[in-house]
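Counted the way UniProt numbering counts, the sequence shown spans residues 1 to 353. Reviewing the structure listed below.
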Amino acid sequence: MNTDINQKVIQYLSEKEMKIIIQNWLRIFDIKLGWINEFNKIVVNYVMLFILIVQIRVTIFMAKYFQLSQTLQGHRATVKSVRFSPDGYKVVSASNDRTVQIWDVIIGQRIRTFSEHMYAVNYAEFSPDGNTVVSCSTDRTVRLWDVETAQELMLLTVPSNCVNFSLDGTSILCGLEVNTILLHDIESGKETQKLAGHSANINSVHFSPGGKMIASASYDKTIKLWDVKSGKTLKQLKGHSHYVTCAKFSHSGKFVASCSLDKTIRVWDVESGKEIKTLKGHSDYVNEVKYFSDDRTIVSCSDDKTIRLWNVRSGNEIQKLEGHLNAVLSVDVSSDGNTIVTCSYDMTIRIWR
């Protein structure tokens, strides 16, 4: 469709590029009068205003695509985390009912249950190839599961709040209750790296797209960026006034989005370590954030029972999704950007398309 082409052109042309194009148009028309400079400025300013308006409208139009599509019920307690499989056809959920469950998003049914954890499961996610799942629990264990056979492949005795697979699927990152991050080799189960520097519990850990850095979020109100190879802190990001609940790299790796119990989302430039945007609108704790693949849209979830989509450039909220009956604890976006999954204290998982 022509509309789709126009949307892509508008999305990917920067302000600087648009100015160059407009100036070239003027040269082509060979306007050489004495008032050309002022005329140029007027034309450029008005055209840029028009483009900004179109960008905002296109973004809002695209965001309103998301509506509640499915409600998945099966957990018997709070659902604490949800993550898509790499192909977007499955979701893995972790719950206070001590189980990890896998759901087929197409048919809306549960297809696997892992029930070996002794206490509440904090988090679970798929490996990059989608064949295994890693989970961590308040029973102070991290477990690796085979998706097809439901067999437990590995057991680590680690008091972890959060875990994350490396991009090649050979290592697992564990954020501990004791202020430390551990890197474990999956094949041997051995600890290969230890990162220390936070002064309170670690709530989230995330590898950068290139796999060379780690972002961690902590109750000490900071985000730290780490060098994987050396284990050294590269940057400490300060700005939140309360516990930081999550920190995630953008798909380009140039930015980090964080959220906090201070009800804000903050966007940081990785290279400089500076805060470049604060997104405000949630009326309660913000529990998780996730970038879309375009690096221009962020989705967040909150104790205020809502999921919100944000335009990173403008800082504007572009859509609010409502449907959960209690605090929304986790959110993820499918790799194609067409589906959102959320979970809540209300014991449900919701699919938005």
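Backbone N, C-alpha and C fix where the C-beta goes; we use that ideal spot for every residue, glycine too. Here the structure is a predicted model, which is why all the values come from computation and not from measurement.
ask   = Just curious, the beta strand (DSSP E) that residue 207 is in, first and last residue?
value = As a working note, residue 207 is residue 207 in the sequence shown. Per DSSP, residue 207 belongs to the beta strand (DSSP E) from 202–207.
task = Express the C-alpha separation of residue 149 and residue 280 in angstroms, rounding to a whole number.
result = Position 280 of the sequence shown, counted from the start, is the residue given in the question as residue 280. Position 149 of the sequence shown, counted from the start, is the residue given in the question as residue 149. Near 44 Å, if we compare the C-alpha coordinates of residue 149 and residue 280.
query = In chain order, what residues of the same chain lie with their CB nearer than 7 Å to the CB of residue 159, ignoring the 5 residues before and after it?
reply = For the purposes of this step, residue 159 is identified with residue 159 of the sequence shown, where counting begins at 1. Closer than 7 Å at the Cβ level, and outside the excluded window around residue 159, lie 140, 176, 177, 178.
Per-residue DSSP class, three states only, for residue 271 = One-based indexing of the sequence shown puts residue 271 at position 271. Residue state, collapsed to three classes: coil.
key: Cutoff 6 Å; reference residue 101; Cβ partners in own chain excluding five residues on either side   = By one-based count along the sequence shown, residue 101 stands at place 101. These residues qualify, in order along the chain: 93, 110, 113.
key: Own chain partners of residue 183 with C-beta closer than 6 Å, once the 5 adjacent residues on each side are dropped   = As a first step, residue 183 is located in the sequence shown; it is residue number 183 there, counting from the start. Here the set comprises 171, 173, 192, 193.
ask   = Which residues in the same chain have their Cβ closer than 6 Å to the Cβ of residue 325, if we skip the five residues on either side of it in sequence?
value = Indexing the sequence shown from 1 puts residue 325 at position 325. So the list reads 346, once near-sequence residues are dropped.
ask   = Alpha carbon to alpha carbon, what distance is there between residue 201 and residue 223?
value = Here residue 223 refers to the residue found at position 223 of the sequence shown. Here residue 201 refers to the residue found at position 201 of the sequence shown. Each residue's alpha carbon lies about 12 Å from the other.
query = Quick one: Cα of residue 335 to Cα of residue 86, how far?
reply = For the purposes of this step, residue 335 is taken as the residue at position 335 of the sequence shown. For the purposes of this step, residue 86 is taken as the residue at position 86 of the sequence shown. So the alpha carbons of these two residues sit roughly 7 Å apart.
query = Do residue 81 and residue 343 have their CB atoms nearer than 8 Å?
reply = Counting from 1 along the sequence shown, the entry for residue 81 is found at position 81. Counting from 1 along the sequence shown, the entry for residue 343 is found at position 343. Going by C-beta atoms, residue 81 is nearer than 8 Å to residue 343.
task = May I have a chain-ordered list of the beta strand (DSSP E) segments no shorter than 3 residues that lie completely inside the UniProt repeat "WD" (279–320)?
result = 286–291, 297–302, 306–311
message = Let me make sure I understand the geometry here. Which of 127, 135, 107 has the alpha-carbon closest to that of residue 120?
response = On the sequence shown, residue 120 is found 120 positions in, with the first residue counted as 1. Minimum Cα distance to residue 120 is reached at 135.
task = Using alpha carbons as the reference points, say which of 265, 116, 129 lies closest to residue 248.
result = In the sequence shown, the residue the question calls residue 248 occupies position 248. Of 265, 116, 129, the residue nearest in Cα terms is 265.
Helix, strand or coil at residue 176 according to DSSP, with G and I counted as helix = Numbered from its first residue, the sequence shown carries residue 176 at position 176. In this structure, residue 176 counts as strand in the three-state DSSP scheme.
Coarse secondary structure for residue 372, derived from DSSP in three states = The structure shown has nothing for residue 372, since the chain only spans 1 to 353.
query = Where in the region 70–120 do unbroken runs of the beta strand (DSSP E), each at least 3 residues long, occur, reported from the N-terminal end onward?
reply = 79–84, 90–95, 100–104, 109–114
ask   = Are the Cβ atoms of residue 128 and residue 189 separated by less than 8 Å?
value = One-based indexing of the sequence shown puts residue 128 at position 128. One-based indexing of the sequence shown puts residue 189 at position 189. For residue 128 and residue 189, no; Cβs fall outside 8 Å.
inquiry  = Here's the rule I'm using: 16 or more other beta-carbon atoms within 10 Å means buried, otherwise exposed. How should residue 308 be labelled?
reply    = To locate residue 308, count along the sequence shown from 1; it is residue 308. With 16 or more other Cβ atoms within 10 Å, it is buried.
query = Going straight from the alpha carbon of residue 270 to that of residue 246, what length do you get?
reply = Locating residue 270 in the sequence shown gives position 270, counting from the first residue. Locating residue 246 in the sequence shown gives position 246, counting from the first residue. So the two alpha carbons sit approximately 16 Å from each other.
key: Buried versus exposed call for residue 338 [16 or more other C-beta atoms within 10 Å across all chains shown]   = The residue labelled residue 338 in the question sits at position 338 within the sequence shown. So residue 338 counts as exposed.
query = How would you write the range of the beta strand (DSSP E) that residue 350 sits in, first residue to last?
reply = Looking up residue 350 in the sequence shown gives position 350. Here the beta strand (DSSP E) through residue 350 covers 348–352.
message = For a test of the three-state rule: what should DSSP assign to residue 123, helix, strand or coil?
response = Locating residue 123 in the sequence shown gives position 123, counting from the first residue. Reduced to three states, the DSSP call for residue 123 is strand.
ask   = Exposed or buried, what is residue 211 when buried is set at 16 or more other beta-carbons lying within 10 Å of its beta-carbon?
value = By 1-based counting over the sequence shown, the position of residue 211 is 211. That one is exposed.
inquiry  = Here's the rule I'm using: 16 or more other beta-carbon atoms within 10 Å means buried, otherwise exposed. How should residue 65 be labelled?
reply    = As a working mapping, residue 65 is identified with position 65 in the sequence shown. Burial call: exposed.
key: Beta-carbon proximity check, residue 352 vs residue 68, cutoff 8 Å   = Counted from its first residue, the sequence shown places residue 352 at position 352. Counted from its first residue, the sequence shown places residue 68 at position 68. A contact, by the Cβ cut-off of 8 Å.
ask   = Does DSSP put residue 215 in a helix, a strand or coil?
value = To locate residue 215, count along the sequence shown from 1; it is residue 215. If DSSP states are grouped into helix, strand and coil, residue 215 belongs with the strands.
query = Helix, strand or coil: how does DSSP classify residue 134 here?
reply = Counting from one through the sequence shown, the residue named residue 134 turns up at place 134. Residue 134 falls in the strand class under three-state DSSP.
inquiry  = Measuring straight from C-alpha to C-alpha, what distance separates residue 299 and residue 199?
reply    = Within the sequence shown, numbered from 1, the residue matching residue 299 stands at position 299. Within the sequence shown, numbered from 1, the residue matching residue 199 stands at position 199. Distance between the alpha carbons of residue 299 and residue 199 is about 28 Å.
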